[in-house]
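Taking it in order: structure first as structure tokens, then the write-up.
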Amino acid sequence: MAEGEEQLVRRESGKVDWKDKTMEWKEKASELVQRTISEAINGDLKSYKTPNGYVTTHDWIGEKEGNRAVLDDGTTTFFWRAHTLTVLFVLICVLLDVAIFEPTREDFDYNTKRGLVAIVAAFVFVGMTITPDGPFKRPHPVVWRLTFNLSVVYELGLIFLIFQTPMDGRKLLRHLDSRLGVPLEEKEYGGNCVIYDESRLDDPFHNVKDKLDLFVPLHFFGWMLKTLVLRDWWLCWVISVMFEVLEYTLEHQLPNFSECWWDHWIMDALVCNGLGIFVGLIILNKFSMHRYCWRGLWKISSYRGKLRRIIAQFGPYSWTDFEWKPTSSLGRWISVLSITLLFLITELNTFYLKFVLWIPADNNLNLIRMFCMLFWGAVGIREIFQYLDDPECDTIGRQCWMLIAIIATEFLVVIKFGKETVTKPIPQHIALLWGLGLVGLIPFPWTGVLCPLISTSVPNRMKDDSKNAALDHLALRGLFLMNEIIRLKCSLEATLSGGHQDMARARYIMGNKAVSSLQIPSAEAEFEALVKVFTKAVPLLPSSLESNELEGKSLPAFCSQFMLSRTAPSMASRKEKKVEEQEEESSQEGLALRPLKKVADKDKSVPELDSSSGPQNPLHWFGVMVPQNLRNAQKNFQSAVELVAEIATAQAELVSIVKAYRGLTLDLADQFQLKCSTSLDTRTLSDTPHPVLDSPSAEQLDPPTEGSISS
Numbered sequence: 001m002a003e004g005e006e007q008l009v010r011r012e013s014g015k016v017d018w019k020d021k022t023m024e025w026k027e028k029a030s031e032l033v034q035r036t037i038s039e040a041i042n043g044d045l046k047s048y049k050t051p052n053g054y055v056t057t058h059d060w061i062g063e064k065e066g067n068r069a070v071l072d073d074g075t076t077t078f079f080w081r082a083h084t085l086t087v088l089f090v091l092i093c094v095l096l097d098v099a100i101f102e103p104t105r106e107d108f109d110y111n112t113k114r115g116l117v118a119i120v121a122a123f124v125f126v127g128m129t130i131t132p133d134g135p136f137k138r139p140h141p142v143v144w145r146l147t148f149n150l151s152v153v154y155e156l157g158l159i160f161l162i163f164q165t166p167m168d169g170r171k172l173l174r175h176l177d178s179r180l181g182v183p184l185e186e187k188e189y190g191g192n193c194v195i196y197d198e199s200r201l202d203d204p205f206h207n208v209k210d211k212l213d214l215f216v217p218l219h220f221f222g223w224m225l226k227t228l229v230l231r232d233w234w235l236c237w238v239i240s241v242m243f244e245v246l247e248y249t250l251e252h253q254l255p256n257f258s259e260c261w262w263d264h265w266i267m268d269a270l271v272c273n274g275l276g277i278f279v280g281l282i283i284l285n286k287f288s289m290h291r292y293c294w295r296g297l298w299k300i301s302s303y304r305g306k307l308r309r310i311i312a313q314f315g316p317y318s319w320t321d322f323e324w325k326p327t328s329s330l331g332r333w334i335s336v337l338s339i340t341l342l343f344l345i346t347e348l349n350t351f352y353l354k355f356v357l358w359i360p361a362d363n364n365l366n367l368i369r370m371f372c373m374l375f376w377g378a379v380g381i382r383e384i385f386q387y388l389d390d391p392e393c394d395t396i397g398r399q400c401w402m403l404i405a406i407i408a409t410e411f412l413v414v415i416k417f418g419k420e421t422v423t424k425p426i427p428q429h430i431a432l433l434w435g436l437g438l439v440g441l442i443p444f445p446w447t448g449v450l451c452p453l454i455s456t457s458v459p460n461r462m463k464d465d466s467k468n469a470a471l472d473h474l475a476l477r478g479l480f481l482m483n484e485i486i487r488l489k490c491s492l493e494a495t496l497s498g499g500h501q502d503m504a505r506a507r508y509i510m511g512n513k514a515v516s517s518l519q520i521p522s523a524e525a526e527f528e529a530l531v532k533v534f535t536k537a538v539p540l541l542p543s544s545l546e547s548n549e550l551e552g553k554s555l556p557a558f559c560s561q562f563m564l565s566r567t568a569p570s571m572a573s574r575k576e577k578k579v580e581e582q583e584e585e586s587s588q589e590g591l592a593l594r595p596l597k598k599v600a601d602k603d604k605s606v607p608e609l610d611s612s613s614g615p616q617n618p619l620h621w622f623g624v625m626v627p628q629n630l631r632n633a634q635k636n637f638q639s640a641v642e643l644v645a646e647i648a649t650a651q652a653e654l655v656s657i658v659k660a661y662r663g664l665t666l667d668l669a670d671q672f673q674l675k676c677s678t679s680l681d682t683r684t685l686s687d688t689p690h691p692v693l694d695s696p697s698a699e700q701l702d703p704p705t706e707g708s709i710s711s
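If you read the sequence shown in the UniProt record's numbering, its first letter stands for residue 1, the second for the next number, and so on.
Structure (structure tokens):
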């Protein structure tokens with residue numbers, strides 16, 4: 001009996017071929033391992049194509065367009081200005097008070113300290129005014145300008161310190177804290193590493209309890225914040241493990257690096273660092289999935305909404321996911337290694353600076369430095385990622401440049417002030433292990449064991465990457481349009497309801513016959529439309545996802561967009577509109593900004609109707625001095641026309657997206673069917689009805705015609 005017939009008999013008899021099942025499970029497990037490793041190192045392998053042909057891991061064009069879509073609504077304009085003249089006036093007033101009105105004090109040390117503090121304060125506040133904005137905007141750009149200028153002051157202080165002798169440099173720190181400048185007390189580290197001490201029956205776990213000090217929550221929160229800075233779990237784990245290895249390597253130089261094995265790998269690496277990284281990843285996922293669409297504070301009606309908006313001001317303005325992809329190119333590999341090296345040097349500087357400058361571990365200067373390095377590192381890592389990934393970014397960021405200078409200067413201060421410490425020779429066996437690790441690290445991107453494993457799975461996934469990216473974009477855009485259509489219809493219903501109510505009030509004031517169809521000119525009269533509808537073809541996919549492989553019957557290239565073009569008003573209408581704007585007090589509450597292009601916005605491709613005299617305002621049909629309710633009704637109905645055009649545009653785009661999504665899905669299903677053609681009882685996916693795409697509701701979404709809009 002042939003092998004295929006034997007399998008068929010076993011299947012009909014209900015017997016399970018565990019040998020075939022085991023082979024199938026092994027293949028699935030191998031594929032899962034390869035995919036997990038590739039995603040762990042290279043991210044989720046997303047790619048975006050720029051108009052210049054560059055492939056990036058982040059949609060920089062979409063981010064810039066999204067940032068331009070969020071406009072200042074007028075409620076925060078005052079807080080977003082530079083106020084250069086105000087700062088100059090305050091600075092001159094302070095100097096005037098010190099120079100003329102303040103009594104002079106005959107104390108050289110006091111005056112010198114005050115002068116230095118005044119120099120630093122003037123430098124920082126003037127820098128906050130004239131320094132350009134960085135990549136972060138929340139809670140306010142001035143906060144990040146402040147941190148940048150503080151980094152400049154810190155770098156200048158390090159440069160001044162490096163020109164001093166070790167003893168003079170330690171004495172200078174007494175001006176910051178009078179308790180400094182004295183040698184540190186010698187403490188015993190390591191000690192008894194027994195987890196369960198049988199000699200202490202009253203407290204056998206005293207060794208573990210002694211390690212549970214203030215540094216345990218500091219480790220946890222520190223790595224949670226570092227995860228928010230690096231935004232990559234693989235890189236965080238590499239740095240965490242490498243620092244524990246460095247503690248083993250350098251424990252002959254710094255006594256506090258001498259710890260028990262379970263303190264290194266269980267308490268520090270696994271519990272504190274691991275939990276911090278895990279919580280940081282949860283926060284990253286929440287920020288990444290959140291939709292950022294901002295409204296002004298005064299356009300929110302409820303007090304609860306205003307409070308939530310104030311709290312959200314301290315969150316991110318927009319979010320950028322970091323995908324470092326170290327093995328994608330040689331430049332990325334060297335860059336990620338450099339980032340890891342700088343991060344480890346920064347961690348080592350924290351311990352070495354305390355040791356060589358005689359700063360106790362519980363001193364506030366250590367905490368202040370770590371917080372400053374956290375803010376500087378957040379901006380610096382964001383700038384270096386954009387420099388590596390964005391083809392339009394050809395220079396490194398200011399904060400990144402200053403951060404590298406600070407790390408290098410701190411390292412040089414450690415070398416000068418602790419020359420006897422850092423020159424202690426590394427044990428031979430540790431140096432040999434580091435040498436073997438570096439030798440294996442150099443050829444890793446080309447001939448390593450891990451990269452060939454990744455290279456076997458990456459091309460199979462990247463083969464249809466353009467179609468997968470298009471499917472993701474179409475699915476997300478379709479869900480957004482569904483929500484947008486529902487919201488627009490609710491707005492249309494509210495607008496029409498408000499217009500009818502204002503119309504009823506106007507008829508109550510002026511009378512039923514004064515506001516009725518009797519005032520409308522007869523059908524023989526000549527009319528000129530105030531608004532006309534034009535259609536415009538817009539690309540279905542953004543420029544970053546356009547590809548020749550996606551063109552064809554499966555994916556329509558364009559979708560219809562309905563635009564409104566207004567006729568130029570006459571001079572009388574312009575004067576009347578100006579008077580209305582001066583008299584009217586808007587009572588409408590603002591709605592959330594939507595990323596759809598408003599149909600009332602000007603577009604160069606839509607012709608603008610010109611008229612020398614211009615059409616008259618239809619309100620003149622009902623009289624010259626009409627009540628404000630009638631004007632409000634007119635504006636509500638005009639807004640309703642714009643909302644109808646936006647709904648028609650969204651529906652037309654949704655129809656095109658459904659057709660494109662169905663075509664791409666069937667193409668991928670056909671390719672998958674070819675791969676599975678050797679299996680028995682294979683059903684073609686094209687004959688299987690899709691629960692969503694083949695539903696009647698998807699086919700009933702027909703694009704509206706021009707007549708439906710005009711009606």
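All C-beta atoms in this analysis are idealised placements derived from N, C-alpha and C, irrespective of residue type, glycine included.
{"Check": "Inter-residue Cα distance where the pair is G296 and W144", "Outcome": "22 Å"}
{"Check": "The region 309-318 / the region 133-144 touching (three or more Cβ pairs under 8 Å)", "Outcome": "yes"}
{"Check": "CA nearest to the CA of L218, picked from G440, M267, M402, Q399", "Outcome": "M267"}
{"Check": "Buried/exposed call for P459, threshold 16 Cβ in 10 Å", "Outcome": "Unreliable positioning characterises P459 in this predicted model, as indicated by a pLDDT of 43, which lies under 50. The coordinate reading is nonetheless provided below. Exposed, because fewer than 16 other Cβ atoms sit within 10 Å of the Cβ of P459."}
{"Check": "Residue burial classification, S656 (beta-carbon count within 10 angstroms, cutoff 16)", "Outcome": "buried"}
{"Check": "Sequence-distant residues of the same chain with beta carbon closer than 8 Å to E155, five excluded per side", "Outcome": "M402, A405, I406, T409"}
{"Check": "Outcome for A469 when other beta-carbon atoms lying within 10 angstroms are tallied against a minimum of 16", "Outcome": "buried"}
{"Check": "C-alpha distance - F89 paired with V126, whole-angstrom precision", "Outcome": "12 Å"}
{"Check": "Inside the region 301-386 only - alpha helix (DSSP H) runs reaching at least 4 residues", "Outcome": "303-312, 330-356"}
{"Check": "Exposure of F385, with buried meaning 16 or more beta-carbon neighbours within 10 Å", "Outcome": "buried"}
{"Check": "Segment contact flag, the region 302-314 with the region 220-233, C-beta cutoff 8 Å, min 3 pairs", "Outcome": "no"}
{"Check": "Inter-residue CB distance, I162 and K419 (contact presumed, cutoff 8 Å)", "Outcome": "In fact, because the Cβ distance is near 13 Å, the residues do not count as touching under 8 Å."}
{"Check": "Boundaries (first-last residue) of the alpha helix (DSSP H) holding I277", "Outcome": "274-289"}
{"Check": "8 Å contact criterion, which L254 and F351 should meet: CB distance rounded", "Outcome": "6 Å"}
{"Check": "As assigned by DSSP and simplified to three states, the class of R631", "Outcome": "helix"}
{"Check": "Classification of F343 by the beta-carbon crowding that lies within 10 angstroms, buried from 16 upward", "Outcome": "buried"}
{"Check": "Member of A99, V413, D197 whose CA lies at the smallest distance from the CA of R170", "Outcome": "V413"}
{"Check": "Whole runs of the alpha helix (DSSP H) within the region 196-280, excluding any shorter than 4 residues", "Outcome": "206-211, 215-230, 233-249"}
{"Check": "Status (buried if at least 16 other CB within 10 Å, exposed otherwise) for W324", "Outcome": "buried"}
{"Check": "Alpha-carbon to alpha-carbon, Y387 and D394", "Outcome": "7 Å"}
{"Check": "Exposure of A645, with buried meaning 16 or more beta-carbon neighbours within 10 Å", "Outcome": "buried"}
{"Check": "Cβ-based neighbour list, T249, same chain, cut-off 8 Å, excluding 5 preceding and 5 following", "Outcome": "I426, I430, W434"}
{"Check": "Between the CA atoms of R487 and W298 - distance to the nearest angstrom", "Outcome": "21 Å"}
{"Check": "Buried versus exposed call for H473 [16 or more other C-beta atoms within 10 Å across all chains shown]", "Outcome": "buried"}
{"Check": "8 Å Cβ shell around N349 - same chain, five flanking residues per side excluded", "Outcome": "I407, E410, F411, V414"}
{"Check": "Three-state secondary structure assigned by DSSP to S422", "Outcome": "Inspection of the sequence shows that residue 422 is occupied by Val rather than by Ser. In this structure, V422 counts as helix in the three-state DSSP scheme."}
{"Check": "Beta-carbon proximity check, T320 vs H140, cutoff 8 Å", "Outcome": "no"}
{"Check": "Simplified DSSP assignment, three categories, for Y292", "Outcome": "coil"}
{"Check": "Alpha-carbon spacing of A537 relative to L630, whole angstroms", "Outcome": "36 Å"}
{"Check": "DSSP state of M625 mapped onto helix, strand, coil", "Outcome": "coil"}
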